[in-house]
Structure formats: structure tokens, C-alpha cells
Amino acid sequence: MPKQDQQLARQLFSLSLVGGTLSTEHVGAVLQYLEKHPPARPIAVLRAYQRLVRAEYAKGQAVIEHAGPIADSLVQSIATTMAGRYGRAVAGVAKANPSLLAGLRVRVGDDVYESSVAQQLAGLSV
Amino acid sequence: MSTVLEQIEQQIAKLSSKAVRKNTGVIRTVADGVAKIDGLSDVMYNEMVSFPGGAIGIALNLEQDEVGCVVLGDVSRLKEGDEVQTTGKLLSVPVGKGLLGRVVDALGAPVDGKGPITSSESYPVEKIAPGIVVRKSVSQPLFTGIMAIDSMIPIGRGQRELIIGDRGTGKTTIAIDTIINQAKINKVGLASGDPKFRPVYSIYVAVGQKNSNIVRTIGALEVAGALEYTVIVAAPAADNPANQYLAPYSGAAIGEWFMENGMDALIVYDDLSKHAVAYRQISLILKRPSGREAYPGDVFYLHSRLLERSARLDGKGSLTALPIIETLAGDVSAYIPTNVISITDGQIFLETDLFNQGIRPAVSVGLSVSRVGSSAQIKATKQVGGKLKGELAQFRELAAFAQFGSDLDAKTKSQLDRGSRIVELFKQPAFNPIPIEQQVVTLWAMQKGFYDSLELKQVTAASVSLREFFATRKDAVLAEIRNKAALDKDLEDKIKVGVEEWKASFSA
């Protein structure tokens, strides 16, 4: 991807943040602006922008994969712990994943915290 | 019973419920052995990353939005969207004596079909070279067994001596000869039981070479009985560029183990031209800015950081490097050759013309130099070969001048005659290194004019015959030269008696 497109996407992304947090309104405004003033390669710019927004969005979410039932209180507790660890608001999202067999896998941005039987079995097989 | 219980306890501990933190990313593109990855926000420069299916990679480009990794292994199974994890480790290779006699790839995995390698230690592939304080100057010789080199361009333990020349001029042969000579010296030294004897272990790193050539090299070492003292790191032309890029550093790590543990090692990088080409390929795919001849800006550092790892350490061992560079049409002023010439402590320049004239090894005495090795030369070699380089240089000058006229004075004629005899004397077949004591005797006989009465064509055969004579009948004299490492009046008399005896039998 050309550097200009990446730079433009980064500029648009920085305009989408309010106090370091992604703002839905600002993202909407950016998209409106792009519709009215399309850049030379709109798809490339939008893809790069989407990647940045997705990465930022993932940082504010703790996706909790679980094999069995999970209590809402546990989801909330994990979200609070992660918020404390990363120093930002983190929302907990529960997602069923039977392949874990038992235990949990929590993903916040690039970081994955795993304590599942599937992972431990995989570790034993190495 | 208690052991069984402990084992179960350990297994339970492994299965403890403690969460493991991993930093992950997602493959965006994979092309030509390089993967571009989204994420991996915690990855460090040169850190190993793990791909699905067991392949590993090294993070070489840390950019704002993505990470560029070279993949070591099968890239065909990787696809867009695959998850990649950081490992928190630098790339390491197994080290130790367990690798001797083995052929390994750039990651230290055996490729010779002789089973797993017994090694309990591993060293990082990339390591900062030893600093100033821990180093010691080069003062111990490392004999190549090639008379032209040992007498005129001597190499010391811990030195970096470049072997440079066009294709097919015998660069690899010089390196292999040197390895074979180390093995021969090791066998004699270890058999003698001398506690002060320090064997030299060899590492041969083949970068971007044809597999057939590597097989031939292994065969030559095996036939000469040198493989048991040698580790071969193979990154052939069929290997991916990432492995070719890493192989010299892996070899250096294996050599460093010997050096750090008070032993001496010799490492041959065959060759760094192809190494630079592999690195250029990786850099271009990683979209790093290219400079002269499309090499990246840090191509000098690529070789300087590698060759600086060869050293002689105070109170420890040494690592001597023989990097090889292939030139095009004898152009030593090209980019990579000049870089490596400036990094090394001298070079052995091989000429195509000399090679085609049958002067083998085709060492160009005028362009070859050893910047530190002369202080490592033994006194006996200095005594018999100290003036050789000057004499040969004069000979080359006069030979060029003599082509223009036939009327030459007696002195010039004698200089030309002597020069051509020295050239004949230095002819040596491949994979046949000559022990230093035999070299001393050969050169002593030349200095004292024992070959002067012979036909020029007979000189090479005469020198071989003289060495055979001494090896079979005057072993005690050779042993004395080896032990004293200098010629005194008494020893010279013994050599004289021996040479006269040989001359009488040779003439007859």
C-alpha cells in the first residue's frame, strides 16, 4: 500500500479519537467526509482506516471465550481487572468456544490470556 | 514409588490453572519467505515468533502498523489470517562438542541423517562481539598447510583473513586445506599427550552453494579424516534466503562456544557474497530502502558485526575467521568486496590468470596481505621465508620488464631464475596440506640453493621428494623443528646433512 494512503488513514484515525478513545460520532464524520471528498485510492484508504479502528476497538474489549457456562459476574470481574491492567475502559464480551474443552481465553487487543484445557493439552504434546 | 509421585506432581504443576499471556498478531501477507503481520504490539527486534504448524520466524522490521518477519521453514502452509505469537526468545542454536562431525542447517538441526544432536547448551545466533578489554592481540599461528600462505601471508589465531577471487580460482580449496591441516595437527598434537597443545576445531558455513558442492566438501573432509573435528552449517542455494542470511551467524555462535570455553576454533564463511545477496533479497521484500547495487544501507554492518565476533580472548580461546568473497572479473573494488576487505585483517587474493597458468594455489603475492599474522609466525618460518615476498615481488616486476628484451645482465637473470623456482616450489595439489616443519625444510633447501642445479620443471617434484625423504627418514629432525619452532646452528646442520643425503639420492 502506498505510504500516502497509510498516512491519510492514520490522520483520519487520529481525528476519530476523543481524549484517546474512539468516538462513534467522529468515525461517522470521517466517513461522511470521505464520501464527499474521496481520495485517489478510496478503497485502500478505507481498508487502512478500518484496520486501525478495528485494532483500537479490540483494545477496549475483553473477548472472553469459554467452553462451559459463564456467570455475568465473572465477565464483569474480568472486564474490571483488564480495565485496571490497561488503564482504560474495557468492556467484557462473552463468546462460547467449545474447542477450549474447559477454562477461559481472554483477548484484549493483541494480548491473549489463556487458561484452557485445550492449550494445556497442546503444551503437553510439544 | 516417590519418583512416580514426583512425576505426577510435576504433571499437575504443568496443568495448573495459571493463565498464560501471549502477544499475538495476524498474518496480513506472505510472500517470498517474508510475512507481514498485523498486531504483535509487544514484539522485540530479532525476536522469534511462532507461526501455526511449528514454523518460526524472526521479527526484522518493526513498523508503526505492521511487523515484517522472515519465516524459517515451510511458508507454503501459512495463509492470510493465521495467528502468530511472540515467544520472548532470541533465536538460538545448539552448541558444543556434540556438533563435531555433524552437518546442521541454519537453525542447528541435523541434516545428515545421523540422528539427533547431543547438546545441552544453546547460544543466541545474534550476539554483540567481544569488547576491547577482553581481547588479546593475535600472536599464535594458525597453519593453513599451504606453503605460499604460511610463509608469506601468515594467519594467526583470532585473525579474520579474507579469501577473495573469481569463480573457480580455488577459494574453497584453500579453506578446506586449512581445515584438513587443523585436523592433521590435532591428531599429532593430541597423540603426543602434550598438555599445552590446543586443538583447533573447524566450522564450515556453506551459504547459497550447490548441494553437490557441499557433498563434495563433506566427502573431502571425510576422506582426509577431518570431519570429526568439523561442524558443517549448510544453507544451500535451495534453502530460503532467511536461512542463508542466518547461517553465518549460527556458525559464529557455534564457534563462540569453543572460544568462550578456552578452545580455539576456525570458521569458514563460504561465501559472504551470496550471504549479502540473500540479505538483499530479504531487505527488498521487506521494502527497506535500497542503496548501491540495491543492497540495503546496513549491508556493511551485516558483515562487520559477524566478523567482529572472531577474536582472541584474554584467558580464553580464539575464533579465527576465513570469510570468502567471490569477485566478478577480478574486480576487488566492487561494493561487497571493498566492505569485507576493510573489515578483515588481510586478504588472500586468488587470480584466474595464475590458476590457468597452472600456478595453484593461485595466490597473488602482490595483492595479498596479512595485517596481523606476521606476529604469529613462528621464528623458523621467518628465518627461511622472511624475504620471499620481496623476492617474488621483484621477480614479477623483472618478469614483466624482461618480456621487452632478451639482453639481460647476469644478476637480473639469476633473480628471474630464482623467482621462477620459488613459483614452482609453491605449487601444491589440492587437499594436501604440508606440515609446517616440512615447509621449513623445503624453503631452507631453496634458500641454500639446493634446487638451483635442477631443471625448472623438476623443482616441484624435487620438493615433494625432499619432504617425503624427511618424513620417512628424518622424522627426528622434523620433530625438533616442530618443537623448537626456530632454527639454530645445530638444527641447521642437521637439516643440511639431511638435504645433502636427499640430493645425492635424488640426483642419482
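Here the protein sequences come in this chain order: Z and W. Under my numbering, read the first sequence as residues 1 to 126, first letter to last. Under my numbering, read the second sequence as residues 1001 to 1508, first letter to last. Virtual Cβ for every residue (Gly too), placed ideally from N, Cα, C.
Residue i: first and last residue of the uninterrupted beta strand (DSSP E) it sits in
i: Leu1322 of chain W; result: Ser1318 to Glu1326
i: Arg107 of chain Z; result: Gly103 to Val108
i: Ala79 of chain Z; result: Here Ala79 of chain Z belongs to no beta strand (DSSP E); instead the alpha helix (DSSP H) covers Asp72 to Tyr86.
i: Gly1088 of chain W; result: Glu1083 to Leu1090
i: Gly1057 of chain W; result: Ile1056 to Leu1062
i: His66 of chain Z; result: Gln61 to His66
i: Ala1035 of chain W; result: Val1034 to Gly1039
i: Pro1124 of chain W; result: Glu1121 to Pro1124
i: Gly1165 of chain W; result: Leu1162 to Gly1165
i: Glu1228 of chain W; result: Unbroken run through Glu1228 of chain W: none, as it is neither H nor E.
i: Ala1206 of chain W; result: Val1200 to Val1207
i: Val1363 of chain W; result: Element bounds for Val1363 of chain W: n/a, residue is neither H nor E.
Per-residue contacts from residue i into chain A (C-beta, under 8 Å)
i: Asp110 of chain Z; result: Of the protein chains in the structure, Z and W, none is chain A.
Interface residues of chain Z facing residue i [CB-CB closer than 8 Å]
i: Val1020 of chain W; result: Tyr113, Glu114, Ser115 and Gln119
Within chain W, the residues that residue i reaches when beta carbons sit closer than 8 Å
i: Arg51 of chain Z; result: Asp1038 and Asp1065
Pairwise C-alpha distance: residue j and residue i
i: Phe1197 of chain W; j: Ser1318 of chain W; result: 14 Å
i: Pro1094 of chain W; j: Gly28 of chain Z; result: 55 Å
i: Leu1488 of chain W; j: Leu1328 of chain W; result: In the sequence on display, residue 1488 of chain W carries Asp and not Leu. Their backbone Cα atoms lie some 46 Å apart in a straight line.
i: Val1459 of chain W; j: Asp1074 of chain W; result: 56 Å
i: Leu52 of chain Z; j: Phe13 of chain Z; result: 7 Å
i: Ser1273 of chain W; j: Pro1110 of chain W; result: 25 Å
i: Thr1230 of chain W; j: Glu1006 of chain W; result: 41 Å
i: Met1 of chain Z; j: Ala44 of chain Z; result: 7 Å
i: Gly1193 of chain W; j: Ala1445 of chain W; result: 31 Å
i: Asp111 of chain Z; j: Ala1175 of chain W; result: 49 Å
i: Gly68 of chain Z; j: His26 of chain Z; result: 38 Å
i: Pro1116 of chain W; j: Ala1106 of chain W; result: 15 Å
i: Glu1397 of chain W; j: Val1369 of chain W; result: 18 Å
i: Gln1209 of chain W; j: Ala1247 of chain W; result: 12 Å
i: Ser1290 of chain W; j: Gly1145 of chain W; result: 41 Å
i: Asp1082 of chain W; j: Asp1239 of chain W; result: 23 Å
i: Ala1476 of chain W; j: Pro1361 of chain W; result: 29 Å
i: Glu1351 of chain W; j: Leu1367 of chain W; result: 10 Å
i: Pro39 of chain Z; j: Asp5 of chain Z; result: 9 Å
i: Gln1244 of chain W; j: Ala1035 of chain W; result: 17 Å
i: Lys1503 of chain W; j: Leu1307 of chain W; result: 46 Å
i: Ala1253 of chain W; j: Ser1310 of chain W; result: 10 Å
i: Ala1393 of chain W; j: Asp1112 of chain W; result: 46 Å
i: Ala1242 of chain W; j: Gly1057 of chain W; result: 9 Å
Boundaries of the alpha helix (DSSP H) in which residue i is found, first to last residue
i: Ala91 of chain Z; result: Per DSSP, Ala91 of chain Z belongs to no alpha helix (DSSP H); it is in the beta strand (DSSP E), Ala91 to Ala96.
i: Ala1031 of chain W; result: Where Ala1031 of chain W is concerned, there is no enclosing alpha helix (DSSP H), although the beta strand (DSSP E) it sits in stretches over Val1020 to Ala1031.
i: His1275 of chain W; result: Leu1272 to Ile1285
i: Met1152 of chain W; result: Met1147 to Met1152
i: Glu1351 of chain W; result: From DSSP, Glu1351 of chain W is part of no alpha helix (DSSP H); its letter is neither H nor E.
i: Thr1144 of chain W; result: Element bounds for Thr1144 of chain W: n/a, residue is neither H nor E.
i: Ala1462 of chain W; result: Gln1458 to Arg1473
i: Ile1185 of chain W; result: Lys1171 to Ser1192
i: Ser115 of chain Z; result: Ser115 of chain Z -> not in any alpha helix (DSSP H); beta strand (DSSP E) instead, spanning Asp111 to Ser116.
i: Met1446 of chain W; result: Ile1436 to Gln1447
i: Ser1050 of chain W; result: Careful: Ser1050 of chain W lies outside any alpha helix (DSSP H), inside the beta strand (DSSP E) at Glu1047 to Ser1050.
Under 9 Å from the C-beta of residue i: neighbouring residues of chain W
i: Gln6 of chain Z; result: Gln1064 and Asp1065
Own chain residues within Cβ distance below 7 Å of residue i, not counting five before or after
i: Gly1255 of chain W; result: Ile1203, Ala1265, Ile1267 and Leu1319
i: Asp1314 of chain W; result: Val1134, Arg1135 and Lys1136
i: Glu1424 of chain W; result: Leu1456, Val1459 and Thr1460
i: Asp1038 of chain W; result: Gly1025, Val1026, Arg1028 and Glu1066
i: Lys1389 of chain W; result: Met1152 and Val1365
i: Leu1443 of chain W; result: Ser1151, Val1384 and Gly1385
i: Val30 of chain Z; result: Leu12, Leu15 and Ser16
i: Gly1098 of chain W; result: Ile1117, Thr1118 and Ser1119
Own chain partners of residue i with C-beta closer than 6 Å, once the 5 adjacent residues on each side are dropped
i: Phe1426 of chain W; result: Met1147 and Ala1148
i: Val108 of chain Z; result: Ala62 and Met82
i: Glu1437 of chain W; result: Leu1478, Ile1481 and Arg1482
i: Ile70 of chain Z; result: Ala94
i: His66 of chain Z; result: Leu104
Closer than 7 Å: residue i CB and nearest the ligand GTP heavy atom
i: Glu1308 of chain W; result: Annotation note on the ligand GTP: not contained in the displayed structure, which lists no ligands.
Open item on the list: Tell me whether the segment 1290 to 1300 of chain W and the segment 1260 to 1267 of chain W touch, counting them as touching only if at least three CB pairs, one residue from each stretch, are closer than 8 Å.
Closed with: The segment 1290 to 1300 of chain W, when compared against the segment 1260 to 1267 of chain W, does not touch it at the 8 Å Cβ threshold.
How about the segment 1159 to 1172 of chain W and the segment 1181 to 1198 of chain W: do they share at least three Cβ pairs that are nearer than 8 Å? These segments do not touch.
*At least 3 beta-carbon pairs within less than 8 Å: the segment 1056 to 1069 of chain W vs the segment 1232 to 1239 of chain W*: Touching, no, given that fewer than three Cβ pairs across the two stretches are closer than 8 Å.
**OP:** Could you tell me whether the segment 1083 to 1091 of chain W touches the segment 1042 to 1053 of chain W, where touching means 3 or more Cβ pairs closer than 8 Å?
**Re:** In short, these stretches touch, since the Cβ pair count reaches three.
Check whether the segment 1332 to 1340 of chain W touches the segment 1278 to 1286 of chain W, counting contact only when three or more Cβ pairs, one atom from each stretch, lie closer than 8 Å. No, because fewer than three Cβ pairs between the segment 1332 to 1340 of chain W and the segment 1278 to 1286 of chain W fall closer than 8 Å, the two stretches do not touch.
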